[in-house]
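2 protein chains.
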Amino acid sequence: MPPFAPLVAGLPATVPFVGPETLERRRGVPFAARLGANESAFGPSPLAARAMREAVGQVWKYGDAPSFDLSRALAAHHRTTPDSIMVGEGIDGLLGNLVRMMVAPGDAVVTSDGAYPTFNYHVAGFGGVLHKVPYRDDAEDPDALVARAHATGARLLYLANPDNPMGTWHDGTVIAAMLDRMPADCLLVLDQAYAEFAPASAIPDIAADDPRVIRMRTFSKAYGLAGARIGYAIGAPDLIAGFDRVRNHFGVNRIAQAGALAALADQGWLAHVVAEVQAARLRIADIGAASGLTALPSATNFVALDTHRDGDFARALIAALEREGVFARMPGVAPLDRCIRISAAPIHELDVFEDALPRALAALSPA
Amino acid sequence: MPPFAPLVAGLPATVPFVGPETLERRRGVPFAARLGANESAFGPSPLAARAMREAVGQVWKYGDAPSFDLSRALAAHHRTTPDSIMVGEGIDGLLGNLVRMMVAPGDAVVTSDGAYPTFNYHVAGFGGVLHKVPYRDDAEDPDALVARAHATGARLLYLANPDNPMGTWHDGTVIAAMLDRMPADCLLVLDQAYAEFAPASAIPDIAADDPRVIRMRTFSKAYGLAGARIGYAIGAPDLIAGFDRVRNHFGVNRIAQAGALAALADQGWLAHVVAEVQAARLRIADIGAASGLTALPSATNFVALDTHRDGDFARALIAALEREGVFARMPGVAPLDRCIRISAAPIHELDVFEDALPRALAALSPA
């Protein structure tokens, strides 16, 4: 076989996440509760669902490359101009393009130890060198991240606010204050996948054309369109224009474009979902507490439950939950990995979790 | 603004294709006939459309990362195993990943002068150096391509069979015979986007695990799912596994996965579309002949019409057709650019073209 390019030849063949369908095929039976990927089982707006069904009739056409209508609607939503918006194939796709745009082989990139693995995957994939800063009190540590960016000459600093996988968050003023302390050649990548679930005070007030930061938003979480693969970046027009140098211009699904446009227009449904998620977070905390697990505060659509044990225990608990029909995930590194992470979901799925958790814990106890 | 990585800083900000919606926004009025992107206005299988509408109910879930069901069905369809199949976001997305996998900055890549611009865009985007071989008698020139691959030490040799933008093709035995003459470190990228429209003799008989070639297929053309963004590669398992090192693992739209699976199962609809396309090719040739344009032979869902003039004339004709409400495209380089390219379409749209062509030509004639 002709050889891979040297950079790719040196990459591992591993996959950042194993999806629930893959686990179900191994199990031979579907999960009873899908609580591991922070999807929204509350679903998208019925108006978005209708728009997507109607868009099927036009699916023989390629999508509109600039996602013009959606970009314009997003610009109005965020009180900016369309040249500050880039629609892409979810945040994962946008992050891949952004890393390619900004990171040359050997360049330093700063993130938190235990933060989003897919970002790390993209950085490694383009030859970047990751520098990881520990979480502090189960939250990302802005001061330490900025200091590390200076110390390493980083090109990107990744921060999710609210955070995944812990669910914690900083006030928006803390994030905004980071900008004045960023190294001149380093871009802040602010992942706001969970912004719609967070208190308004967690959203920093940043001008759309601020060249020091790019913000990533998605229709996968609160808008319930994970399988549609559509998200967007907000940034300075010169930076946003850079995506057109590398992206797959006709890569966004036409049905997704229609669904996202309709979903954005139905802010009432969004408010409904956010309220359901708030209730679900309380319920998850209660279910955990009944078994001695403590919920961390969350501004997302999931709850990290502290087992008060170690990573080996939590990993065994995830496996035991899987045997009970519950798909869940957990942070990947210590000390975060003493927790398991449970996605907000409708009542029936949380009933399944409520039944399963005590049984799963019991299965782990010495006889 | 933090600077782009050097490779990306050197890339042009141009876009390989301007989409019809962008042209419509400039015109201020929709096209009456959309004949420029080789989409299938015959649409997808009604069973595929139904499967997609049903899949909307599950769109809150991320897609299945390995596209397991579809990969298995495709493997059965091509009489191979799923580890020889990689499903991706259309051929465009797969080509981008493939170039990234195989081409390091400065590496040589061979293609034909006038062949698929999006492939060239990806090669330039990863720092590859393109070497272009002229068409010969309006067809790609396998002997010259192989010779150039040897002369340049190329890592990839791109060939579309049937060809785009000319519609011509080589017998499958000609393509298969190329394999024995490829340089050892060079992979043949055989773009088969139009294979379903071609005579069986145009499809080379190649073992799925042959490490010298990767074949690209799509649901965008004959299957009528361009807007769904789903295609697949067929290749040796070690090569196919390489995609997992760089791809966006959850990047394929869940509705597209359902649609492609149902489309593949409805080979009767495919046969219907292929028959409609054959009839449409004859009609396009007749329409052209009535105005003095000569159809090139085509094994695709489009027809190149020779204006018997030069590129300036053909470009003016495309612009005049656009003013008449017809979206069409043309080859980008001489001498191919003496032709215009018209996509097969249902009767009504070809009626529009039949009316528009004489008027567009008359508008170009000196008064």
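Note that the protein sequences, when read in sequence, are chains A and B.
Under UniProt numbering, think of the first position of the first sequence as 1, with each following residue one higher.
Under UniProt numbering, think of the first position of the second sequence as 1, with each following residue one higher.
Built from N, CA and C at the ideal position, the CB exists for glycine as well.
Span of the alpha helix (DSSP H) around residue i
i: residue 71 of chain A; result: 68-77
i: residue 277 of chain A; result: 267-290
i: residue 120 of chain B; result: 117-125
i: residue 146 of chain A; result: 142-152
i: residue 4 of chain B; result: Per DSSP, residue 4 of chain B belongs to no alpha helix (DSSP H) and is neither H nor E.
i: residue 25 of chain A; result: 20-27
i: residue 173 of chain B; result: 172-179
i: residue 317 of chain A; result: 311-323
i: residue 53 of chain A; result: 46-55
i: residue 238 of chain A; result: 237-242
Strand pairing of residue i, partner residues [DSSP]
i: residue 232 of chain B; result: B:87 and B:217
i: residue 131 of chain A; result: A:110
i: residue 189 of chain A; result: A:158 and A:214
Boundaries of the beta strand (DSSP E) in which residue i is found, first to last residue
i: residue 329 of chain A; result: Element bounds for residue 329 of chain A: n/a, residue is neither H nor E.
Helix, strand or coil at residue i according to DSSP, with G and I counted as helix
i: residue 207 of chain B; result: coil
i: residue 303 of chain B; result: strand
i: residue 344 of chain A; result: coil
i: residue 294 of chain A; result: strand
i: residue 33 of chain A; result: strand
i: residue 139 of chain A; result: strand
CB-CB length for residue i against residue j, believed under 8 angstroms
i: residue 255 of chain B; j: residue 87 of chain B; result: With a Cβ gap of about 14 angstroms, residue 255 of chain B and residue 87 of chain B do not count as contacting.
i: residue 5 of chain B; j: residue 166 of chain A; result: Not quite, the Cβ-Cβ distance comes to about 31 angstroms (not below 8 angstroms), so this is no contact.
i: residue 222 of chain B; j: residue 301 of chain B; result: 7 angstroms
i: residue 125 of chain B; j: residue 123 of chain A; result: Contact doesn't hold; Cβ gap of about 18 angstroms is too wide.
i: residue 41 of chain B; j: residue 346 of chain B; result: 5 angstroms
i: residue 106 of chain A; j: residue 129 of chain A; result: 6 angstroms
i: residue 110 of chain B; j: residue 157 of chain B; result: 5 angstroms
i: residue 75 of chain B; j: residue 67 of chain B; result: Incorrect: roughly 11 angstroms between the Cβ atoms, too far for contact.
i: residue 328 of chain A; j: residue 48 of chain A; result: Contact doesn't hold; Cβ gap of about 27 angstroms is too wide.
i: residue 251 of chain A; j: residue 93 of chain B; result: 6 angstroms
i: residue 284 of chain B; j: residue 295 of chain B; result: 7 angstroms
i: residue 188 of chain A; j: residue 212 of chain A; result: 6 angstroms
Which residues, taken in chain order from the stretch 10-33 of chain B, show a beta carbon closer than 9 angstroms to some beta carbon of chain A? Per Cβ criterion, the list reads 11, 12, 13, 14, 15, 16, 17, 18, 19, 20, 21, 22 and 25.
Which residues, in order along the stretch 333-349 of chain A, keep a beta-carbon less than 7 angstroms from a beta-carbon of chain B? Result list empty, no residue passes.
Which residues, in order along the stretch 59-73 of chain A, keep a beta-carbon less than 8 angstroms from a beta-carbon of chain B? For the stretch 59-73 of chain A, the residues whose beta carbon sits under 8 angstroms from a beta carbon of chain B are, in order, 59, 60, 61, 62, 63, 64, 65, 66 and 68.
Going along the stretch 228-262 of chain B in order, which residues come within less than 8 angstroms of chain A, judged by CB to CB distance? If the cut-off is 8 angstroms between Cβ atoms, the stretch 228-262 of chain B has 228, 229, 236, 238, 239, 241, 242, 244, 245, 246, 248, 249, 250, 251, 252, 253, 254, 255, 256 and 259 near chain A.
Can you pull out the residues from the stretch 37-56 of chain B whose beta carbon lies closer than 7 angstroms to at least one beta carbon of chain A? Within the stretch 37-56 of chain B, the residues whose Cβ lies closer than 7 angstroms to any Cβ of chain A are, in chain order, 37, 39, 40, 41, 43, 44, 49, 52, 53 and 56.
Near-chain A residues of the stretch 70-98 of chain B (beta-carbon distance less than 8 angstroms), N- to C-terminal order: The residues in question are 89, 90, 92, 93 and 96.
Could you name the residues of the stretch 186-219 of chain A whose beta carbon sits closer than 7 angstroms to any beta carbon of chain B, in the order they occur along the chain? Flagged, chain order: 186, 187 and 211.
Given a limit of 7 angstroms on CB to CB distance, which residues of the stretch 110-124 of chain A reach chain B? So the list is empty, because no residue satisfies the distance condition.
Residues, ordered as in the chain, of the stretch 273-306 of chain A that lie near chain B by beta-carbon distance below 9 angstroms: Contacts with chain B (Cβ-Cβ distance below 9 angstroms) from the stretch 273-306 of chain A involve no residue at all.
What are the residues in the stretch 157-177 of chain A lying within 7 angstroms of chain B by C-beta distance? For the stretch 157-177 of chain A, the beta-carbon criterion of a distance under 7 angstroms to any beta-carbon of chain B is satisfied by none of its residues.
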